[in-house]
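In the numbering used here, the protein residues as written are 1 to 179.
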């Protein structure tokens, strides 16, 4: 995002960037083309353009992008949620963000691995059980659900077994009654 409250502010920033590139001893045509491409997409990042979108509630992106932006700023500013005082070299920025991402990936992998082990244990217990209707149902659920969803299903199944009764009615239909 570029903090350009008006189109005039945006044009000044774009002109300054172009002037800086053209003032170099050897002008990099690819860099100039990248700047032109960047400028052409201003509706997707320039503050004044984003604020003009009806119904955006003052946000500058999707909820996910806003959360990520806020999380990154908080991380780079040592927990400070208000403002941005980060002023490191771009390579340091990239390094710190990649380290942050790696920590998040590692934490997620630990949780996924633990849940996988729990699910395998649950499946083995069910397979070694008496394979009643309940165990058969839980085994089918374990084959298609992740561990957290399966645990919730199992809890709800237990509650239903304890609180509900299925009876065959006189007309041949099944009825569910609370106990």
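Glycine included, C-beta positions come from ideal geometry on N, C-alpha and C. None of these values were measured; they are calculated from a predicted model.
Indicate the three-state DSSP secondary structure (helix, strand or coil) for residue 138 in the structure shown.
helix
Run the CB neighbour count on residue 10, radius 10 Å, all protein chains shown included, and call it buried at 16 or more, exposed below.
buried
Of the residues 40, 25, 111, 83, the one placed nearest residue 7, counting alpha carbons only
40
Taking residue 157 and residue 138 to be in contact with their CB atoms under 8 Å, please state how far apart those CB atoms are, rounded to whole angstroms.
7 Å
Do residue 141 and residue 119 have their beta-carbon atoms positioned less than 8 Å apart in this structure?
no
Judging by CA-CA distance, which residue of 116, 14, 93, 38 is the nearest neighbour of residue 144?
116
Can you give the beta carbon distance from residue 174 to residue 166, rounded, assuming they're within the 8 Å contact cut?
6 Å
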